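Note that the UniProt record's numbering numbers the sequence shown so that position 152 is 152, with each residue one more than the last.
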Amino acid sequence: MKMINRMFLPSTIAFIVLQSLFVLTRGQTCRNLPLYAPCSTNPDCGCLPFSSAGEQSGICAYLHLNASKLRTCNEINYYCDQPYTVCIHHPKLSIGQPLCYPTGMAALDLCPPLQTNSSSSTLSPIPAEVVCRNVSWAKQGRTVAGSNYSGTALDQLRSPTAIVFDLKTNTLYVSDNGNARIVTWQPAAKRGNVIAGGNGEGNRTDQLGWVSDILMDPKDGSLIICDARNRRIIRWARRAQQGEILINNIYCTGLALDNQALLYITEHDNHRVTRWILGENIAHDRLVAGGNGKGNRLDQFNEPSAIFVDQNRTVYVADQSNDRIMKWTEDAKEGIIVGKLRWPRAVHLDQSGNIYSIDGYYSRVMHFTRYSVNGTIIIGEKQYTLSQANDLAFDQHGNIFVSNYGTGRIDKFDIDRSSCSSKHFQ
C-alpha cells in the first residue's frame, strides 16, 4: 500500500474530511496503546483514545487536523450527533474537551497498519476443499455434548441455543440456557465445564438470563454474550467469576466481528443491525442495515436474528419473521434476498460464498448456493432427526455441530466428501 506524499497531504486531508462526513471508510482501531502511540507506517498517524475515563481503546487516525473545523462532544455522555464521527481525546487540538473526530481520518489508505493483524477476525470459513456440489453430511448425528435427557448435571444440557467451535483448541462452547450457564466441551468429553454463569438465572453480573448468541474475541479469548432476557451484552473474560456489561438496554439476537474487530449486533425489536467499536467503554459506530421500521421491504427487517460478516464487511442477516436471508453490502441502502426459508436462525458462509442456515420451522439445516434463493436440505430430511434446531457451527474439517433445543444435546454430523472430484468444486 503506497504512503501518502506529504506534499499532497493538505488537499488530500481536506477531501477526506469532507468525504468522511458522508461515507465511513475502513480503518483500524488501537487497543491498550497510549495516546499518540505509533500505529501506522504513516508517521503522521497515531492512536487517539476514546473519551471515556480509563479508556484503553481508540482509533488509529491522522493527527494534524484544524481544530476549528471540529465539534466538541457532548460532555455528559460523550455522544457525537455528527454522522460518522467518534468522540476522542486529542489534547494537542483541544485540552479541555474531547472532540468529534471524523472516522475517515482512520482510513487505511491514509493510515496503513504497521502490520497485518488477521487474529482479530472471527470469520472461520469452511475450507474451500470441502465445498463441492456433491458434498454431503451424515444423515444421523452423534451426540457430542449433553445426553438424551435434559437436566442440570454437568453431563446434561437444558434448552441449548448458541454454540461456537474454537478451531485453535477444538473446544465446543455451548449456551446452556435452561441452566443459565455457558459450558465448554472437549472432544470425547463425558461432561462439560462451566465457564460463565451457573449461579442461577438472574441479572447480577455473575448470572445470565437467556442467551441468544455468543462469540469469542480472538484477541484475548473472552466471550461476548447476548444476554437477551436481561437486555444487555456482556464480556466474560477467561477464568472470570463474573461478566462486564458492555451495552445495556439492547435486545440482541445476533453477534459478529469483522476483520477489524468491529462488533455487529442484530437488534431484534429495533429491526436493524448496528456496528460498535469495542473497548473498555464500547462506542456506537453506525447503523449498518435496516432501521427503517418493521416490515418486509428490502430496506427493512422483521425481527432479525443471526448475522454473519464477511471479509468485505458485507453482512448476511437471518430476517426471521420475513422468512428470508438478506445480504447487505457496506453502505448499501437496502439488501437483497439470498435465501428463502421458514424462521431462519443461524447464518454461515464458506469460502465459495455458499450459505448455511437453520430452518427453524422445519428444524433442518439448509444450504444455499450463490445462484439460487431456494436451498437444499443437508441435515434433517427425515422427521425428528433434529429437535428444535437452534444454531450450528463448523470445525476445521467441515463437520457440522447442531444445537438441539428440544432434546438438550449437541449433535455432530460428519462430512462426506467421497463423491467430490476436482470438476465438482463450486
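We put the beta carbon where it would ideally sit given N, CA and C, even for glycine.
Treat the numbers as computed from the prediction; the structure is a model and nothing was measured.
Bridge partners for residue i per DSSP, in chain order?
| i | result |
| --- | --- |
| Tyr173 | Val164 and Thr184 |
| His397 | His397 is not bridged to any residue. |
| Ala318 | Ile325 |
| Thr29 | Ile59 |
| Trp236 | Leu223 |
| Trp210 | DSSP lists no partner for Trp210. |
| Asn292 | In DSSP, Asn292 forms no bridge with anything. |
| Cys45 | Tyr62 |
| Thr274 | Ile265 and Leu287 |
| Lys333 | According to DSSP, Lys333 bridges with nothing at all. |
| Gly146 | Arg409 |
Suppose you measure from the CA of residue i to the CA of residue j; what does that come to, to the nearest Å?
| i | j | result |
| --- | --- | --- |
| Pro102 | Ile277 | 14 Å |
| Ala332 | Ile265 | 17 Å |
| Ala67 | Thr274 | 29 Å |
| Ser387 | Tyr405 | 6 Å |
| Asp416 | Cys100 | 53 Å |
| Ile88 | Pro34 | 13 Å |
| Pro98 | Ala346 | 40 Å |
| Val309 | Asn390 | 19 Å |
| Gly279 | Ser418 | 46 Å |
| His271 | Leu392 | 23 Å |
| Ser120 | Arg238 | The predicted model places Ser120 with a pLDDT of 34, which falls under 50 and marks its position as unreliable, so this point remains unresolved. |
| Trp185 | Asn193 | 7 Å |
| Asp411 | Asn42 | 50 Å |
| Val86 | Ala256 | 21 Å |
| Asn179 | Ser403 | 15 Å |
| Thr369 | Asn281 | 39 Å |
| Lys92 | Gly295 | 47 Å |
| Ser150 | Asp176 | 10 Å |
| Asp258 | Thr314 | 9 Å |
| Phe50 | Gly197 | 30 Å |
| Glu75 | Gln156 | 50 Å |
| Cys39 | Leu108 | 11 Å |
| Asp395 | Cys73 | 45 Å |
| Leu223 | His90 | 31 Å |
| Val174 | Pro160 | 7 Å |
| Asn367 | Asn77 | Note on residue identity: the sequence assigns His, not Asn, to residue 367. Their Cα atoms are separated by approximately 44 Å. |
| Arg232 | His284 | 14 Å |
From what residue to what residue does the beta strand (DSSP E) around residue i run?
| i | result |
| --- | --- |
| Val309 | Pro304 to Val309 |
| Phe401 | Ile400 to Asn404 |
| Ser57 | Ser57 to Tyr62 |
| Cys100 | Leu99 to Pro102 |
| Val373 | Premise fails: Val373 is in no beta strand (DSSP E) and is neither H nor E. |
| Cys252 | Cys252 to Leu257 |
| His89 | No beta strand (DSSP E) holds His89; DSSP gives it neither H nor E. |
| Cys39 | From DSSP, Cys39 is part of no beta strand (DSSP E); its letter is neither H nor E. |
| Glu381 | No beta strand (DSSP E) holds Glu381; DSSP gives it neither H nor E. |
| Lys412 | Arg409 to Phe413 |
| Phe368 | Arg364 to Phe368 |
| Arg297 | It is not in any beta strand (DSSP E) - Arg297 carries neither H nor E in the DSSP assignment. |
| Glu244 | Glu244 to Asn248 |
Would you mind giving the Cβ-Cβ distance between residue i and residue j, rounded to the nearest angstrom? I have them listed as a contact below 8 Å.
| i | j | result |
| --- | --- | --- |
| Gly408 | Gly146 | 5 Å |
| Met105 | Ala61 | 4 Å |
| Asn199 | Asn230 | With a Cβ gap of about 13 Å, Asn199 and Asn230 do not count as contacting. |
| Arg339 | Gly375 | Reading off the sequence shown, one finds Gly at residue 339, where the question assumed Arg. About 6 Å separates the two Cβ atoms, so the contact holds. |
| Ile234 | Ile250 | About 11 Å separates the two Cβ atoms, so there is no contact after all. |
| Trp236 | Asp414 | At roughly 31 Å, the Cβ-Cβ gap does not stay under 8 Å, so Trp236 and Asp414 are not in contact. |
| Ala318 | Ser357 | 6 Å |
| Val288 | Ile214 | Not really, about 20 Å apart at Cβ, beyond 8 Å. |
| Arg286 | Tyr84 | 7 Å |
| Ser212 | Ala162 | 7 Å |
| Gly46 | Leu63 | 5 Å |
Can you tell me which of the options puts its alpha carbon nearest to the alpha carbon of residue i?
| i | options | result |
| --- | --- | --- |
| Thr329 | Asp319, Gln311, Cys30 and Arg342 | Gln311 |
| Asn322 | Thr314, Val315, Val309 and Ser305 | Ser305 |
| Ile307 | Asn179, Glu267 and Ser136 | Glu267 |
| Thr169 | Arg364, Cys252, Gly221 and Trp137 | Gly221 |
| Thr152 | Lys327, Arg142 and Ile182 | Ile182 |
| Leu110 | Phe394, Gly96, Pro83 and Asp44 | Asp44 |
| Gly254 | Ile225, Cys132, Gly46 and Ile400 | Ile225 |
| Ile191 | Asn399, Thr171, Ile59 and Met326 | Here residue 191 is Arg; the residue named in the question, Ile, does not match the sequence. When only C-alpha atoms are compared, the closest one is Thr171. |
| Arg342 | Gly335, Val365 and Asp350 | Val365 |
| Asp227 | Ile95, Asp217 and Gln207 | Gln207 |
| Gly398 | Tyr371, Gly360 and His348 | His348 |
| Tyr316 | Pro344, Val211 and Asp395 | Pro344 |
| Gln320 | Gln82, Asn354, Gly335 and Asp359 | Asp359 |
| Glu381 | Tyr371, Tyr362, Phe394 and Gln396 | Tyr362 |
| Asp217 | Arg232, Leu263, Gly243 and Gln241 | Leu263 |
| Ser372 | Ile379, Glu334, His284 and Met326 | Met326 |
| Gln300 | Ser57, Leu114 and Ile337 | Ile337 |
| Gly58 | His64, Leu48 and Leu65 | Leu48 |
| Ile355 | Arg324, Thr385 and Glu334 | Arg324 |
| Gln134 | Phe401, Ile378 and Thr385 | Note that residue 134 is Asn in the sequence shown here, rather than Gln. Answer by Cα proximity: Ile378. |
| Leu298 | Glu334, Ala188 and Ile400 | Glu334 |
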